[in-house]
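A.B. asks: Next up is a structure, given as structure tokens.
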């Protein structure tokens with residue numbers, strides 16, 4: 036996981052620099068590393084506007100509205116998955132990818148999914 040964290044911080048760097056230079060930049064860090072790092076990410080990269088775990092993907096509009104009101108937002112607390120109102124990803128007109136479960140109940144030594152996404156939750 037250290038490598039994934041370093042990639043995230045490395046990617047934030049140039050955008051943080053642009054923000055410090057006065058550019059109108061909104062920096063959002065989302066996903067498992069954001070979930071794992073949470074508030075620590077803001078301490079290390081204070082230019083970040085929004086830190087959100089993957090369970091907040093359907094709430095990004097509300098979170099960005101909070102950011103546009105001048106707030107620095109961390110959305111990483113465990114929550115039930117809201118009904119997915121986004122359109123399924125389609126690669127053809129007859130098939131679509133639909134995520135039906137979120138999280139995992141297994142505790143594989145190499146995996147952070149149970150820690151960052153929580154226990155299994157089925158799609159509502």
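In our numbering, the protein residues as written are 36 to 159.
Virtual Cβ for every residue (Gly too), placed ideally from N, Cα, C.
Quantities reported herein were computed from a predicted structural model and do not represent experimental measurements.
Between the region 55-69 and the region 134-144, do at least 3 Cβ pairs fall closer than 8 Å?
C.D. replies: Judged by Cβ distances under 8 Å, the region 55-69 makes no contact with the region 134-144, as fewer than three pairs qualify.
A.B. asks: Which residue comes first and which comes last in the beta strand (DSSP E) that contains residue 63?
C.D. replies: Here the beta strand (DSSP E) through residue 63 covers 63-65.
A.B. asks: Considering Cα atoms alone, identify which of 88, 92, 110, 51 is closest to residue 81.
C.D. replies: Ranking 88, 92, 110, 51 by Cα distance to residue 81 puts 51 first.
A.B. asks: Say whether the region 62-78 touches the region 139-155, bearing in mind that this needs 3 or more beta-carbon pairs closer than 8 Å, one atom from each stretch.
C.D. replies: A contact exists between the region 62-78 and the region 139-155.
A.B. asks: Residue 75 lies in the beta strand (DSSP E); which residues open and close that run?
C.D. replies: That residue, residue 75, is in no beta strand (DSSP E); its alpha helix (DSSP H) goes 74-79.
A.B. asks: Taking the alpha helix (DSSP H) that residue 102 belongs to, which residues open and close that run?
C.D. replies: From DSSP, the alpha helix (DSSP H) with residue 102 extends over 95-103.
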